[in-house]
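One structure is given here, and the rest of the page talks about it.
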Amino acid sequence: MTPNRKSSGVLFFLYTLGLIGLILLQQCRMAPLSLDSLPSSIKTLEGYASLMIKNKGKVSRGKVSFFLIWPDEARLDIADTLGRTVSQLLFLKTQAYLVLPRDRVYWQGPEEELFERLLGFSLSLSEWSRLLISQESLPGAWRLERDASGRIWRGQRNEVKFVIKRYVGRTRLVETLVIFYPEGEVRWRLREIYFNRPPREGLFSLQFTRRFQPKSWREIEAYLK
């Protein structure tokens, strides 16, 4: 190969790499969600979100796929930044399960205890659901503040505070939510959302309790480190 052809080949290769990088960068930039309105009746929500938890100086990031049967049943599958499933959270009324598929173990207990163990503050799934889409119906213990347009933008219950950074369009569905508590903060950003889809078969199955080992929270903590 002559020097000119070799040089041209290198330039073409670098150009191609740059073009691929630009395309990937554009794909990684998430545009804000856009909705004109919400369904008049919402029975289920399904979607994807990004999650960041700061707790005692440690930072954890993950991707979440979720299915919520309004307002107190849900399944959340949490994956690491490479897309590998790390844990599954299952809420069935007042009972909750934390499942670690790779380790074939699980924990079972009250839903508020699971929130407190994982995030550092007590919360029910019903409250979490209302933070995301129906803030007006939060229990009276929450002190709520509205912006100039009349939408709730922040609130507080004891030492736990939340700030709604962005709604989806003009709806009451939250796109970006930040919760502050004494030991850290939780950031949730909605990426995709679908309404009133039926749950797929087996989504809330407890078959894992037959195949995996139950563990106490102290034992589960060893797997989470």
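Under our numbering, think of the first position of the sequence shown as 472, with each following residue one higher.
Every residue, glycine too, gets a C-beta built ideally from N, C-alpha and C.
Exercise for the section: Compute the Euclidean distance between the alpha carbons of T565 and R628, then round it to the nearest angstrom. Expected result: Looking at the backbone, the Cα of T565 and that of R628 are separated by about 21 Å.
Exercise for the section: Please classify K529: is it buried, with 16 or more other beta-carbons within 10 angstroms of its beta-carbon, or exposed? Expected result: K529 comes out exposed.
Practice task
Measure the Cβ-Cβ separation of P510 and F683 and say whether it is below 8 Å.
Solution key: It is not a contact, given that the beta carbons lie outside the stated cut-off.
Practice task
With DSSP as the reference, label S595 as helix, strand or coil.
Solution key: Coil, per DSSP.
Problem - E690 in three-state terms, based on DSSP - result: Of the three classes helix, strand and coil, the one that applies to E690 here is helix, per DSSP.
Exercise for the section: Please classify R682: does DSSP put it in a helix, a strand, or coil? Expected result: In the structure shown, R682 adopts helical secondary structure according to DSSP, grouped into three states.
Practice task
Can you have a look at R660 and say buried or exposed, based on whether 16 or more other CB atoms are within 10 angstroms of its CB?
Solution key: The residue in question, R660, is buried, as its Cβ has 16 or more Cβ neighbours within 10 Å.
Exercise for the section: Could you have a look at R625 and say whether DSSP puts it in helix, strand or coil? Expected result: Looking at R625 - three-state DSSP - the assignment turns out to be strand.
Handout entry: Cα-Cα separation, R573 to L506
Key = Between R573 and L506, the alpha-carbon positions lie close to 37 Å from each other.
Practice task
May I ask you to report which of helix, strand or coil DSSP gives I604?
Solution key: Three-state result, I604: helix.
Handout entry: Test item: CB-CB of K686 and V535 under 8 Å
Key = In this structure, the beta-carbon distance from K686 to V535 does not fall below 8 Å.
Problem - 8 Å contact criterion, which W541 and L516 should meet: CB distance rounded - result: That belief holds up - the Cβ atoms of W541 and L516 are roughly 7 Å apart, short of 8 Å.
Problem - Extent of the continuous beta strand (DSSP E) run through F537 - result: Unbroken beta strand (DSSP E) run through F537: 529-540.
Problem - Buried versus exposed call for M501 [16 or more other C-beta atoms within 10 Å across all chains shown] - result: A caution first: M501 carries a pLDDT of 45, below 50, which makes its placement in the model unreliable, though a value can still be read off. Its Cβ having fewer than 16 others within 10 Å, M501 is exposed.
Exercise for the section: Can you have a look at Q497 and say buried or exposed, based on whether 16 or more other CB atoms are within 10 angstroms of its CB? Expected result: The predicted position of Q497 is uncertain, since its pLDDT is 38 and thus under 50; no value can be drawn from it.
Problem - Spatial neighbours of T647 in its chain, beta-carbon cut-off 6 Å, leaving aside the 5 residues before and after - result: These residues qualify, in order along the chain: K636, R637, R660.
Exercise for the section: Note down the Cα distance separating S597 from D543, rounded to an integer number of angstroms. Expected result: Rounded to whole angstroms, S597 to D543 spans 5 Å at the Cα level.
Exercise for the section: Taking only the alpha-carbon atoms, compute the straight-line gap between P581 and I691 and give it to the nearest angstrom. Expected result: Pairing P581 with I691, the inter-Cα distance amounts to about 15 Å.
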